[in-house]
Amino acid sequence: MTQLSRARSIIIRPARNGERGATKPLADAFAKDPVMATFVSAGSDRRGRLEKLFWAMLRSGPLAARTVDVAVDENGSILGTAVWEEPRRGRERSRPFLGQIPAYLDALGLRGAFSALRYRAVLQRPRPVLPHWYLAEIGVSPEARGLGVGSLLLAHRLGLVDAAREGAYLESSTERNRALYRRFGFVEFGTIRGLPTGRPMAMWRPAVAHAL
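The working numbering puts the sequence shown at residues -12 to 199.
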């Protein structure tokens, strides 16, 4: 089966409540990510803690809001996951996160949770004040890399973002990923400093002038 025909058999749909398999591509993708190392330190149980962390993240609002997109093949296997936050203002962004503090404590431990809160504030500083969609996480399973899964996930959600004439924001810690985001209209506007591991780039995609 060719790469193109396999890509055509992939569908993008919202993750279902309780669909914990959506965390696997994220844990795979972020296993060696320098920024994620700030939140989840090395250790024999790191993979399990990553999956717990991502599950807490999904339950902190995106699952209920249907802003978790999964790429699924013809057998129903989840190949990739993208987690978005819909536009919110002010304190609304913090409420779902605060509701999942017990789950975050389970994933990170007390010390790790305090560090995560501190460095989360660092990541929040560059975010635009304009209402926007935020790509919190995106990941593709190793066996599906090179099939265009990440592009399919981005194209799906950004099509909805464009239809609503809204902007989008993300952080990227690798040049390879930034090249992909640039192809989808994101532009770099500054390195985020203040993290002990990694210096991610803040990237912004302005709202389209006319809905497509």
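C-beta: ideal position from N, C-alpha, C; glycine also.
*asked:* Short of 7 Å in beta carbon distance, which residues of its chain neighbour Leu140, apart from the five on each side in sequence? Order them along the chain.
replied: Ile(-1), Asp56, Ala58, Gly67, Ala69, Ile125
*Per DSSP, what kind of secondary structure is Glu73 in: helix, strand or coil?*
coil
*Using DSSP with H/G/I as helix, E/B as strand and the rest coil, what is Ser138?*
helix
*Rounded distance between the beta-carbons of Phe173 and Leu157, thought under 8 Å*: 7 Å
*Could you tell me which uninterrupted alpha helix (DSSP H) segments, each at least 4 residues in length, are contained entirely in the segment 138 to 164, listed from first to last along the chain?*
none
*DSSP state of Arg67 mapped onto helix, strand, coil*: The question names Arg, but residue 67 in the sequence shown is Gly. Gly67 falls in the strand class under three-state DSSP.
*Buried or exposed (CB count within 10 angstroms, at least 16 for buried), Ser(-4)*: exposed
*Classify Phe41 as buried or exposed, calling it buried when 16 or more other Cβ atoms lie within 10 Å of its own Cβ.*
buried
*Look up Asp56 in the DSSP assignment and say whether it is helix, strand or coil.*
strand
*Where do the N-terminal and C-terminal ends of the alpha helix (DSSP H) with Phe101 fall, by residue?*
88 to 111
_Rounded to whole angstroms, what is the Cα-Cα separation between Ala43 and Arg170?_
31 Å
_Simplified DSSP assignment, three categories, for Tyr121_ = strand
*Under 9 Å, do Pro49 and Pro118 count as touching if we go by C-beta distance?*
no
*Helix, strand or coil: how does DSSP classify Ala166 here?*
helix
*Length of the line joining the Cα atoms of Ala100 and Leu92*: 6 Å
*DSSP state of Arg7 mapped onto helix, strand, coil*: helix
*Between the CA atoms of Ser128 and Met190 - distance to the nearest angstrom*: 24 Å
*Backbone secondary structure at Thr178 - three-state DSSP*: strand
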